[in-house]
Structures are given as C-alpha cells and as structure tokens.
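What follows is one structure encoded as structure tokens, with my remarks underneath.
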Amino acid sequence: MHHKPIIIEEGAIFIADSHHNSLYQNTLDSIFTELLESKKCQIFLMGDIFDFLVGPALKSIRDNQHTLKLLEQLSLKHTIYYLEGNHDFLLKTIPYFKHIHYFPLDAQPVLCSFNNKSAYLAHGDIFLSWHYKIFSKIIRNKFLITFLNLFSSILYPKITHFLQNKNIKKKKFNPHFKKNFMQFAQLRIEKYLQKLPISSDSYIIEGHFHQGGCIVYQEINYVGLPFFACKKKYFIVECANNCLILKES
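The numbers in the UniProt record's numbering rise by one with no breaks, and the one at position 222 of the sequence shown is 222.
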C-alpha cells in the first residue's frame, strides 16, 4: 500500500471502468478532450479504463495510441493517478505514463486523505479468493504476454472479440446489483477490516464491481463507483458537512 497519504482535493475527478477500446468502445476521447480545456485538477483513473491495455502487449498499445496521446497531454496539465485494473496493467514503463502516478495491483489500496479522514482507493480486485489471486498473477506473467505478442495476429482478435461481447452483456441493467448492494458493500468493508487497521469515518472507494452506490457500515463509508462505459459520466469530489461526496458530472 502507498504509505504517504495523497490529499484528495475538492474538485478532483474520478473515472472507473470505462473499458475503452478504440476499435469498439470509444468512450474516453471526448471526455479527455473536454478535460484538456478544464482548469487544473486531480484525476483519479480507477482501473479498467481500457478494455485491454497491457504494457508489453504492443498491439494493445498501438490500437489505443490516439487515446493514450490524449492521456499524456492530460498528464502535462492535470495531476493524474492511475490505479491498474484487471484489464489494464503493466503500464508503468510505457512512454505515455511518464508524468502519471501509477499504482499496480500490489500497491493497492492507495492510502489517501480527505479533510483529515483516511480514504482507501483501489480498482477493487483485491482481498478476493485465492484462485483469483492466482489468476491475477497468471495474466501478468511475462511469458504469457510474450506468447501473446508472438501470436498476436491470431490471439489478439479473439481476445478483443470476447471482450466486446462481454461489454455488451455488462451494459444490460442487472436489478440484483441495487437490491444486494448493502450486503455486498458490508462484505467488502469486512474484507478490508480483516487486512487493514481502518479507523472510523474512513472511506473505501472502489470500481471493478460496477455497483454505483454508497453506504455507511461499522462507521466506514463505502463507495462503489458505477460502470462508466454505461453511464459515460465521471464524478467530482465535493465536501458536504465535512464529508466526501462524489457528484455526477
């Protein structure tokens, strides 16, 4: 975990799970262009910003080059924090990320602070089952990615086709998300409490699960960010009664 807290400023922007791909899910270019014209601020990109972007997988970089150039321009004006997800990882060394504060999976949750209250930020794919941990290690394995590069003309189209179909299914509204959100959020808070000494009035902010809701449980505020690829809206930090509020743009 990042030990020196990042101060979250009022007006900071949060984006999670846009699952952008220049070939079929172009959600970010217009937003990034808009933000290039806005005043300087913090931007927290909470993982799965791209649907498939892996640093050593060269074709994934080439296919998203235009959006990556926009992101690089943004990083020259704004302060950008990028938390890798399970669709976009091993990006720290790519040229476009020179001015971006990048947090791999093993550095999450990222410790932040808002109005002297702790805030723990993560893409969300942490503190899960042991077999998910194994899966996370496998997909980041350099030999697997080398294999993908060698056979990219065959494997890469299959990956993008699979992800495109998966994205279409995710956009369909799932009524059980809202119905079960309180139970889900309580379980997530308990997972964090098992791993970290989290004090009362702290915040946990995650994407990944596409929940779009917030609750207080055991005096801890849980914020589940919604699926940007569906809503196409980002969230702006505001302060109300000394509390962090994420207001839809």
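Glycine included, each C-beta is placed from N, C-alpha and C at the ideal position. Keep in mind the model is a prediction, meaning the values are calculated, not measured.
{"query": "What is the DSSP secondary structure of residue 245, reduced to helix, strand or coil?", "result": "strand"}
{"query": "Taking its Cβ as the centre, do 16 or more other Cβ atoms sit within 10 Å of residue 64, making it buried, or is it exposed?", "result": "buried"}
{"query": "Identify, in the order they occur along the chain, each residue of the same chain with its Cβ nearer than 7 Å to the Cβ of residue 241, setting aside the five sequence neighbours on each side.", "result": "none"}
{"query": "State the start and end residues of the unbroken beta strand (DSSP E) segment that holds residue 114.", "result": "110-114"}
{"query": "Straight-line CA distance for residue 79 to residue 197?", "result": "28 Å"}
{"query": "Mind checking whether residue 135 and residue 88 have CB atoms under 8 Å apart?", "result": "no"}
{"query": "At what residues does the alpha helix (DSSP H) containing residue 222 begin and finish?", "result": "First-last for residue 222: 220-224, but that is the beta strand (DSSP E), not the alpha helix (DSSP H)."}
{"query": "For residue 24, which residues from the same chain have a beta carbon less than 6 Å from its beta carbon, with the 5 sequence-adjacent residues on both sides left out?", "result": "164"}
{"query": "Rounded to whole angstroms, what's the CA-CA distance from residue 60 to residue 71? Just pull it up for me.", "result": "15 Å"}
{"query": "Distance, Cα to Cα, residue 20 vs residue 219?", "result": "35 Å"}
{"query": "Excluding five sequence neighbours on each side, which residues of the same chain lie with their C-beta closer than 6 Å to the C-beta of residue 214?", "result": "223"}
{"query": "If contacts are defined as beta-carbon pairs under 8 Å, then residue 103 and residue 83 qualify, I think. What distance do you get, rounded to the angstrom?", "result": "5 Å"}
{"query": "Would you list the one or two residues that DSSP bridges to residue 165?", "result": "According to DSSP, residue 165 bridges with nothing at all."}
{"query": "By the three-class DSSP mapping on this structure, what secondary structure does residue 233 have?", "result": "coil"}
{"query": "For residue 182, I'd like the list of residues in its chain whose CB is within less than 7 Å of its CB, leaving aside the five on either flank, ordered along the chain.", "result": "215"}
{"query": "Shortest alpha-carbon distance to residue 185 belongs to which of 202, 221 and 145?", "result": "221"}
{"query": "What are the boundary residues of the beta strand (DSSP E) that residue 118 is part of?", "result": "117-122"}
{"query": "Just verifying my parser: in three-state terms, what is the DSSP assignment at residue 95?", "result": "helix"}
{"query": "Quick check: the Cα distance between residue 208 and residue 46, rounded to an integer number of angstroms?", "result": "8 Å"}
{"query": "At a Cβ threshold of 8 Å, is residue 72 touching chain D?", "result": "Absent from the structure: chain D. Only one protein chain is present."}
{"query": "Going by the CB atoms, is the gap between residue 108 and residue 94 shorter than 8 Å?", "result": "no"}
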